[in-house]
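Peer 1: So the sequence shown is numbered by the working numbering: it starts at 3 and just counts up by one. For every residue, glycine included, the Cβ atom is placed at its ideal position computed from N, Cα and C. Since the structure is predicted, the reported quantities are computational estimates derived from the model, not experimental observations. First the structure, then my questions, so here it is.
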Amino acid sequence: MPEPCSPRYGIYYTPAREHPLTVAAISWLGRDAFQADATRDARPEAGGLITSEPRRYGFHATLKAPFRLREDTSVEELEQALGRFAASRPPCPIGPFKIDLFGDFFALVPASPIPTLRGFAAQTVEEFDRFRAPMDGDDLERRMSRQVDEVETTNLITWGYPYVLGLFRFHMTLTDRVPRDGREAMRARLEGRFEPYLSEDYHIDAMSLFVQEHRSADFVVRSQFALKTGAALKSVV
Numbered sequence: 003m004p005e006p007c008s009p010r011y012g013i014y015y016t017p018a019r020e021h022p023l024t025v026a027a028i029s030w031l032g033r034d035a036f037q038a039d040a041t042r043d044a045r046p047e048a049g050g051l052i053t054s055e056p057r058r059y060g061f062h063a064t065l066k067a068p069f070r071l072r073e074d075t076s077v078e079e080l081e082q083a084l085g086r087f088a089a090s091r092p093p094c095p096i097g098p099f100k101i102d103l104f105g106d107f108f109a110l111v112p113a114s115p116i117p118t119l120r121g122f123a124a125q126t127v128e129e130f131d132r133f134r135a136p137m138d139g140d141d142l143e144r145r146m147s148r149q150v151d152e153v154e155t156t157n158l159i160t161w162g163y164p165y166v167l168g169l170f171r172f173h174m175t176l177t178d179r180v181p182r183d184g185r186e187a188m189r190a191r192l193e194g195r196f197e198p199y200l201s202e203d204y205h206i207d208a209m210s211l212f213v214q215e216h217r218s219a220d221f222v223v224r225s226q227f228a229l230k231t232g233a234a235l236k237s238v239v
């Protein structure tokens, strides 16, 4: 089993680095996940205490949650498989976004339900689980320490993450947890900041492989693959 300090890899969606939504999110969070050598010196527009968690992960929507690689495989094999997977599938519709409360934090979510998103994410989870090492005891204990029901527990043990398949909800996190008495003001602030970018007809047109080199490191984009072409769009690390 891989050591706990070994890298973790997540398969995510994020718009292109130069897309106006990505540019706005980088400014809001104060970190650019496309820059492998980015530091935390940038001043987040939102304020560091508001965005500490999404800042660490980078602007993204999770398709397959972070995992360590099995000992009998490599990141190069993972990237080759991801390229083939992307090449075989057309872009998946998302549609326009809206700002919404997701549990206790705010996120960008599809303005209307898109059933194909759940199917696309399920295919991703299932296809790439062969690369995932079993969760170590610390990871499993950390996850189980949070309140999870029977279905979430089954997903966690089977797929390494509780919110997959029928429990998947597409979202792009913008804040940490927001107290109830601050939510109205935060919603207004977010809508004012991101409103110019919400009405576009978005698609998952590329899949990104993010890497976290060690437990305390930020996630960065290692590579991107365009859907239906499988072309490597970016190699950062």
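1. Secondary structure at Q82, three-state DSSP: helix, strand or coil?
2. Suppose the cutoff is 7 Å on Cβ atoms and the five residues either side in sequence are ignored; what does the same chain contact list for D203 look like?
3. Rounded to the nearest angstrom, what separates Y163 and Q214 at their Cα positions?
4. Is it a yes or a no for the stretch 104-117 touching the stretch 164-184, going by three-plus beta-carbon pairs under 8 Å?
5. Closest by CA to W30, which one among S8, Q37, S54, A38?
6. Let me make sure I understand the geometry here. Which of D102, T75, F69, D151 has the alpha-carbon closest to that of R185?
7. Kindly indicate which residue of R72, P93, I52, R58 has the alpha-carbon position closest to the one of G227.
8. What distance in whole Å lies between the Cβ atoms of A35 and F61, which are believed to be in contact at a cut-off of 8 Å?
9. For K230, tell me which candidate among D151, R86, V222 has the shortest Cα-Cα distance.
10. Could you name the residues that DSSP lists as bridge partners for Q214?
11. Closest to G12 by CA distance: which of P22, I206, V77, T155 is it?
12. Got a sec? Which residues, its chain only, sit under 7 Å from K66 by beta carbon, not counting five neighbours each side?
13. Quick check on the burial criterion: 16 or more other C-beta atoms within 10 angstroms. Buried or exposed for P17?
14. Keeping to the same chain, check which residues put their C-beta closer than 6 Å to that of S8; ignore five residues upstream and five downstream.
15. Tell me which same chain residues have a C-beta within less than 7 Å of the C-beta of P95, skipping the five on either side of it?
16. Exposed or buried, what is A219 when buried is set at 16 or more other beta-carbons lying within 10 Å of its beta-carbon?
Peer 2: The relevant details are as follows:
1. helix
2. G97, P98
3. 17 Å
4. yes
5. Of the candidates S8, Q37, S54, A38, the residue whose Cα lies closest to the Cα of W30 is S54.
6. D102
7. Looking at the sequence itself, residue 227 is Phe, so the reference to Gly does not match. Checking every option, the nearest Cα to that of F227 belongs to P93.
8. 6 Å
9. Nearest C-alpha to K230: R86.
10. R10
11. V77
12. Apart from sequence neighbours up to five positions away, the residues of its chain that approach K66 with a beta-carbon distance below 7 Å are G12, I13, T126, V127, F130, ordered along the chain.
13. Classification for P17: buried.
14. Counting only Cβ-Cβ distances below 6 Å, and skipping sequence neighbours, we find R70.
15. I116, T118, H205
16. exposed
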